[in-house]
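Colleague: Can you read through this structure? Questions will come right after.
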Amino acid sequence: MVADLEMKTLIIGSGPYAVNVAKDLLEDGNEIIIASKGEVAPINASETDGIDPASILTDTKILSCRGCAGDFTILMGSGGKTVSKKISGVVIAEEYERKPNFSAYGLKPAPDVLPLSFLTGSVIIVKDTIKKLPQGGKIVFLTGLGYESNPVTAEEIMLASLKLQTDFNLQTYILTGNLKVAGNGLEKLYRETKTAGTVYFKFTNTSPLILQDNEGKVSIELIDEITRLNFRITPALTVVDETISPSGYLKELALVFGLHTGADGFLQSGNLHRTGIYTNRKGVFVAGPSRSVLNAADNITDSANAAILTSGTGITGIKESKPTAEIRSGSCIRCLTCYRCCPYRAIDLDIRPSVMSDACEGCGICFAECPRGAISLNLPDNRNAADEIRQSAGSIKSSPLIIAFCCSRSAVRAKELAICMGYSLPENLKVVEVPCSGYVSMEYILSAFQNNAEGVLVLTCHAGNCHSEDGNIFARNRVEQLKEAFSRMNFKKERLEINTLASNMGYEVAQIVCNFENNLKALGSGDLKKQKEQK
Amino acid sequence: MESSNVLVIGGGIAGLTAAHELAKLGVKVELVEKEPFLGGHAIQFTCKAVESCAKCGACMAEEKLNQVVHNENIRIHTEANVKKISKNGLFNYTIQLRSTSYSSSADAVIVATGFDTFDPVKKPYGYGSFKNVITSLDLEKMLRRNGIALKPSDGMPPDKIAFIQCVGSRDSKLNHLWCSKICCASALRMAHLIKKRKPETSVTFFYIDIQGSGKDFEALYQKAKEDFLMIRAIPGDIYKSGEDRLKTTYFDSLSKANIENIYDMVVLSVAMIPGSGTKEIAEMTGIIPGDTGFVRSFEKGGISNSGGVFVAGSAGGPLSISESITHAVKTAWDASKYIKRFRNYGG
Amino acid sequence: MNQTEKVIGIEELNHRRFKTFPFSHDFCITCGLCSSSCPASGIDGFDPRMLVRMVGLGLEDKVVNAKWPWICTMCGKCEHVCPMDIRIPDLVRHIRGLREKAKIPGVLQKGLEAALKTGNNLALPKEDFIYILEDVADEIAEEPGFENFKVPIDKKGANLLTTIHNKLVNTHTEDLKYWWKIFHAAKEDWTITSENWEGTSWGLFTGDDEAVKVMAGRIVEQMKRLEIKNLLWPE
Chain D
-7 MVADLEMKTL IIGSGPYAVN VAKDLLEDGN EIIIASKGEV APINASETDG
43 IDPASILTDT KILSCRGCAG DFTILMGSGG KTVSKKISGV VIAEEYERKP
93 NFSAYGLKPA PDVLPLSFLT GSVIIVKDTI KKLPQGGKIV FLTGLGYESN
143 PVTAEEIMLA SLKLQTDFNL QTYILTGNLK VAGNGLEKLY RETKTAGTVY
193 FKFTNTSPLI LQDNEGKVSI ELIDEITRLN FRITPALTVV DETISPSGYL
243 KELALVFGLH TGADGFLQSG NLHRTGIYTN RKGVFVAGPS RSVLNAADNI
293 TDSANAAILT SGTGITGIKE SKPTAEIRSG SCIRCLTCYR CCPYRAIDLD
343 IRPSVMSDAC EGCGICFAEC PRGAISLNLP DNRNAADEIR QSAGSIKSSP
393 LIIAFCCSRS AVRAKELAIC MGYSLPENLK VVEVPCSGYV SMEYILSAFQ
443 NNAEGVLVLT CHAGNCHSED GNIFARNRVE QLKEAFSRMN FKKERLEINT
493 LASNMGYEVA QIVCNFENNL KALGSGDLKK QKEQK
Chain W
2 MESSNVLVIG GGIAGLTAAH ELAKLGVKVE LVEKEPFLGG HAIQFTCKAV
52 ESCAKCGACM AEEKLNQVVH NENIRIHTEA NVKKISKNGL FNYTIQLRST
102 SYSSSADAVI VATGFDTFDP VKKPYGYGSF KNVITSLDLE KMLRRNGIAL
152 KPSDGMPPDK IAFIQCVGSR DSKLNHLWCS KICCASALRM AHLIKKRKPE
202 TSVTFFYIDI QGSGKDFEAL YQKAKEDFLM IRAIPGDIYK SGEDRLKTTY
252 FDSLSKANIE NIYDMVVLSV AMIPGSGTKE IAEMTGIIPG DTGFVRSFEK
302 GGISNSGGVF VAGSAGGPLS ISESITHAVK TAWDASKYIK RFRNYGG
Chain S
9 MNQTEKVIGI EELNHRRFKT FPFSHDFCIT CGLCSSSCPA SGIDGFDPRM
59 LVRMVGLGLE DKVVNAKWPW ICTMCGKCEH VCPMDIRIPD LVRHIRGLRE
109 KAKIPGVLQK GLEAALKTGN NLALPKEDFI YILEDVADEI AEEPGFENFK
159 VPIDKKGANL LTTIHNKLVN THTEDLKYWW KIFHAAKEDW TITSENWEGT
209 SWGLFTGDDE AVKVMAGRIV EQMKRLEIKN LLWPE
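Residue numbers (the numbering used here), protein chains in the order written: chain D, -7 to 527; chain W, 2 to 348; chain S, 9 to 243.
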């Protein structure tokens, strides 16, 4: 715990968004540094007024980040030199990269074929382009054809279309697959555009035929699916939508900070345990265009909230007391397995790795993965897993003993729910509750069998829903390795199973354990070594 | 400085999230919920994972519940209603419990009164008359309870199911000119779940525009187009067919004919509408609902005029569970910022 | 792409052609509820959603010359289920009104023109009309209980004026007897006018508001002339 924290927040970004975040933070009384890979390019120069130029580092790349929330040491490479800064919190605020979808529509950029940002950008450029259009010229917007669009793009297109119809009296057409109106006020906006004269063509089973001649002129032939009539549109201007993508720099930042990324490259993986601007690493936040495809209002909210979170208790938080891992330096061989597998980046590397208890969430992945068993982690409430496994050996009844390692977030709650719902569970089911399935080491599983379990279940959260991101993956790998080993021994691999669950799956958990019990009964006991008798 | 207090009205996913987030920041929370249970709608929803987490957020209700119930900074009242709120620097309020009432004060108020589901009884689908015409919420509860879809009439699994989207949403006649955002993905996921558990089930999906975006959604939609019959038209009346089956027709633009189909069960994806509780609390606090009936923070009027009344979650408009959580987290941060300012400048 | 179908250049269309129509048709989100509920969907290859779409696009020729607007019974089911409250029956009627008079199907225009010219669809002269009425009245008077039955024509100051559907003095004269007997038994003070007595107003079906105005105007005129306060218009 760092007392009298010197709150200095590092904002990583080079565009107007980073500048906005900086301003919000400054307004809240925070000290900031902006680190930009290139120049800092706000919308206009005056935007950086009020920010001490000394706190803006340009041409700066982040090299490494050590420490934990409230006490980071960040190495940056700036103009050939390496700079080290003490930072309390980090906000990643890179801009979007908007990639025009010309090729998705079979088009090449041309004077009359423009990307959407053109119409949402500087007012002067837009007005000139529009003025040059011929009288009665048609404007066609292409979005979400052959892939799904999104409400942010839909809103931009509808607003642009509305403006073109009402202010410039131009006829606009929007060609799309599914019209995305799942956003505040979008249904109303849709109506407004139609009242203003926008014509929509929606495609389900057909696609428009989009052709472009050598001079770049576009002609579109389509079937209107409602009337089944064929139309040809020769637009004076064709506007193509863009894929709103994360900045290319995010990949590097993810590696430096040890952050999980989503399938689309943003710095949140969609894991429900990370909401708002949180990442898997405490003290490192991701805002707006670095986090997800968001509309302007949501981006602004993220920025405002970065300000709140990066001060005082936002960084340290009121820590819920839980056991943290400890590395016995005498046994540690510095293989760095723990460092590499910690999802919270709670391992600090000095001469020997050590656990930063402020950052440790007690998941147990390092404990289970350490090849030397050099890491200890107690269970909450002074429980001891080894003891619990041993104690179950004494309770032999008529039905097979099943030891189930249950993640406290999902399986344990599901089991309680099953009981509430009135589903019956096997009478000889012994639950060992673990903070994360990543805690379930191969040793514990084997110990369970050694203590007379006829079957062992490992019940984890669903893939993508593990609080530790990969705890369930680690567990699965271990189970599969053991099953592989069993299959080469005279030991039925069906005795070990892994299933994924959520906390509200009462019916399913009952099904799983009951089916497991039935399978065990069918397996008989030929491959089981009779243990020492009950004492 | 003594610790600050916040009154959170509503114990659904947004209320629970806001309460927990505030508690983490050291704020004391009083949570009031009118039902005898916490978790609102989210806790009645089913897990929709098929191969991996579907990110629907239903399990988060249990998670949040667990966090809140064990947190010593949060005081919970269920079967309780806020009867009165007035402002005199602080917000003074009275809560009606089952047999007593209780008064206290708070630095800020968070309205997390959530939504109601649209009752489709007036729509021509026979909801309320035909047992096997159910709403999406009915289906959620059914799947959560039983793991598979079962016909309410005889408890047997249906062979043919139809989903009708946008029932009560995108409806100017009802003054619901909004899209409820979550129903397309939610219904598609439930359909996938049903089909996973009983592969022989046939699913027809009637829609206007499929909502949803992002990489996860593309995969989901692709699979839906392969496994279900996706029809871009909304059917008219539902009639009884035979003993226990349901007949409905829709117009197919390609063949230019009305096509009749018979189903065992029809699921109506009903709209999210402003909650009845929201209106009452809005009146008390002066956050005047917009023309949609949903409310927003920072509205001027009544005791909210100088700030301090915030809206979290779907009381402000249709949101998915994960969006409600994000929204509520942000509301908690806004509230804490307000309190800090309020305290700094005196009140 | 169906190559045999004609391709319409979008510049040929004036999307604002029907903009002034007050039927909210540009609110359409093509949900298809109207078509799914319409009993006439698919007839002649048309349906209400298609009609609304054509109006929105400005395809004037296609809608005005189509048969379907005349097949539609304006039952109103479509409007009832439409979530955007689009007044489709009114739209249908308005489209009918755009058609060249000579191309209006069936007897509608002929009957209407006769009514505008002569006061009734059949161009039935006044004397013949009165003759038929009195003939029916005589038959009623032969029945027990109706001995002194008379049909009041052009009675000034009567309480109730009633119009006559032309079929009642043509092919369905017997039907007059039912309600005339009720009037008699109820001791109602009623009357029929000898001119402009036509109860139908086929401008309603042909979308001809001017004609409807004329027909209604004539009845009002009669009521003023005969100083009658109440109108029974059983159409």
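Quick reminder that beta carbons are idealized off the backbone N, C-alpha and C, glycines included.
It should be emphasised that the depicted structure is a prediction, and the values quoted were computed from it without experimental measurement.
Give the secondary structure of residue 102 of chain S by DSSP, where H, G and I count as helix, E and B as strand, and everything else as coil.
Modeller: Residue 102 of chain S: helix per DSSP, three-state reduction.
Colleague: Please identify, using Cβ separations under 7 Å, the residues of the stretch 197 to 219 of chain D that lie next to chain W, in order along the chain.
Modeller: Hits within the stretch, in order: 217 and 218.
Colleague: Can you grab the Cα-Cα spacing for the pair residue 330 of chain W / residue 28 of chain W, in whole Å?
Modeller: Answer to the nearest angstrom: the Cα atoms are 14 Å apart.
Colleague: Measuring straight from C-alpha to C-alpha, what distance separates residue 265 of chain W and residue 234 of chain W?
Modeller: Approximately 20 Å between the Cα atoms of the pair.
Colleague: At the 7 Å Cβ level, is residue 15 of chain S part of the contact set with chain W, yes or no?
Modeller: With 7 Å as the cut-off, residue 15 of chain S does not count as an interface residue toward chain W.
Colleague: Step through the CB atoms of chain W and report whether any lies within less than 7 Å of the CB of residue 41 of chain S.
Modeller: Yes, residue 41 of chain S lies at the interface with chain W (some Cβ there is under 7 Å from its Cβ).
Colleague: Please check if any C-beta of chain D sits within less than 7 Å of the C-beta of residue 170 of chain S.
Modeller: Not an interface residue.
Colleague: Are the CB atoms of residue 336 of chain D and residue 351 of chain D nearer to each other than 7 Å?
Modeller: In this structure, residue 351 of chain D lies closer than 7 Å to residue 336 of chain D by Cβ.
Colleague: Between residue 347 of chain D and the rest of its own chain, which residues show a CB-CB distance below 7 Å, the 5 nearest in sequence each way excluded?
Modeller: These residues qualify, in order along the chain: 316, 317, 318, 319, 338 and 339.
Colleague: Below 8 Å on the Cβ atoms is my guess for residue 228 of chain S versus residue 237 of chain W; work out the distance and round it to an integer in Å.
Modeller: Not a contact, Cβ separation roughly 40 Å.
Colleague: Since I believe residue 276 of chain W is in contact with residue 108 of chain W (beta carbons under 8 Å), could you give me their beta-carbon distance rounded to a whole number of angstroms?
Modeller: Incorrect: roughly 25 Å between the Cβ atoms, too far for contact.
Colleague: What would DSSP say about residue 58 of chain S, mapped onto helix, strand or coil?
Modeller: Helix.
Colleague: Helix, strand or coil: which one does DSSP assign to residue 117 of chain W?
Modeller: It is a strand residue.
Colleague: Any beta carbon of chain D sitting closer than 7 Å to that of residue 35 of chain S?
Modeller: Yes, residue 35 of chain S lies at the interface with chain D (some Cβ there is under 7 Å from its Cβ).
Colleague: For residue 270 of chain W and chain S, any beta-carbon pair shorter than 7 Å?
Modeller: No, its Cβ sits nowhere closer than 7 Å to a Cβ of chain S.
Colleague: Starting from residue 63 of chain S, find everything on chain W with Cβ-Cβ shorter than 7 Å and list it in chain order.
Modeller: Those within 7 Å of residue 63 of chain S in chain W number zero; the least Cβ separation is about 16 Å.
Colleague: Under DSSP, the alpha helix (DSSP H) around residue 143 of chain D begins and ends at which residues?
Modeller: Counting along the chain, the alpha helix (DSSP H) containing residue 143 of chain D begins and ends at 143 to 160.
Colleague: Applying a beta-carbon distance threshold of less than 8 Å, which residues of chain S neighbour residue 252 of chain W?
Modeller: Under the 8 Å cutoff, chain S gives 40, 43, 44, 46, 49, 50, 55 and 57.
Colleague: Based on the DSSP secondary-structure assignment, which residues constitute the bridge partners of residue 258 of chain W?
Modeller: Note: residue 258 of chain W sits in a beta bridge opposite W/253.
Colleague: Name, in chain order, the residues that DSSP records as bridge partners for residue 141 of chain S.
Modeller: Residue 141 of chain S is not bridged to any residue.
Colleague: Cβ closer than 7 Å: which chain D residues qualify as neighbours of residue 327 of chain W?
Modeller: Those are 267 and 268, listed as they occur along chain D.
Colleague: Return the CA-CA distance between residue 293 of chain W and residue 177 of chain W, expressed in angstroms with no decimal places.
Modeller: Distance between the alpha carbons of residue 293 of chain W and residue 177 of chain W: 7 Å.
Colleague: Say the cut is 6 Å; is the CB of residue 384 of chain D nearer than that to a heavy atom of the ligand HEM?
Modeller: Among the components of this structure there are no ligands whatsoever, and the ligand HEM is therefore not found.
Colleague: Specify the secondary structure class of residue 359 of chain D as computed by DSSP and reduced to three states.
Modeller: Correct three-state label for residue 359 of chain D: helix.
Colleague: Does residue 216 of chain D pass the burial test, meaning 16 or more other C-beta atoms within 10 Å, or should it be called exposed?
Modeller: Its Cβ being crowded by 16 or more others within 10 Å, residue 216 of chain D is buried.
Colleague: For residue 226 of chain S, write down the residues that DSSP places opposite it in a beta bridge.
Modeller: In DSSP, residue 226 of chain S forms no bridge with anything.
Colleague: Determine the closest residue to residue 121 of chain W out of W/167, W/32 and W/106, with distance taken between C-alpha atoms.
Modeller: When each option's Cα is compared against that of residue 121 of chain W, the closest is W/167.
Colleague: So does the stretch 66 to 76 of chain W actually touch the stretch 31 to 51 of chain W, counting three or more Cβ pairs closer than 8 Å?
Modeller: Segments in contact, yes.
Colleague: Using a Cβ distance threshold of 8 Å, determine whether the stretch 308 to 315 of chain W contacts the stretch 328 to 344 of chain W, with at least three qualifying pairs required.
Modeller: Flag = yes, the stretch 308 to 315 of chain W and the stretch 328 to 344 of chain W touch.
Colleague: Excluding the 5 residues preceding and the 5 following residue 205 of chain W in the sequence, name in chain order all residues of the same chain whose CB lies nearer than 6 Å to its CB.
Modeller: Correct list, in chain order: 163 and 230.
Colleague: Looking only at C-alpha atoms, which of D/393, D/355, D/375 and D/365 sits nearest to residue 549 of chain D?
Modeller: For chain D, the structure presents residues -7 to 527; residue 549 of chain D sits outside this window and is missing.
Colleague: Go ahead and label residue 182 of chain W buried or exposed: buried means 16 or more other beta carbons lie within 10 angstroms of its beta carbon, across all protein chains shown.
Modeller: That one is buried.
Colleague: Give me the Cα-Cα distance between residue 68 of chain S and residue 181 of chain D, rounded to the nearest whole angstrom.
Modeller: Taking the straight line joining both Cα atoms gives about 27 Å.
Colleague: I'd like to know if the stretch 117 to 126 of chain D and the stretch 236 to 245 of chain D are in contact, where contact means that at least 3 CB-CB pairs between them fall below 8 Å.
Modeller: With a cut-off of 8 Å, the stretch 236 to 245 of chain D and the stretch 117 to 126 of chain D do not count as touching, because too few Cβ pairs lie within range.
Colleague: Determine the burial state of residue 153 of chain W: buried for a count of at least 16 other Cβ atoms within 10 Å of its Cβ, exposed for fewer.
Modeller: Its Cβ having fewer than 16 others within 10 Å, residue 153 of chain W is exposed.
Colleague: Are the C-beta atoms of residue 259 of chain W and some chain S residue less than 7 Å apart?
Modeller: Closer than 7 Å: yes.
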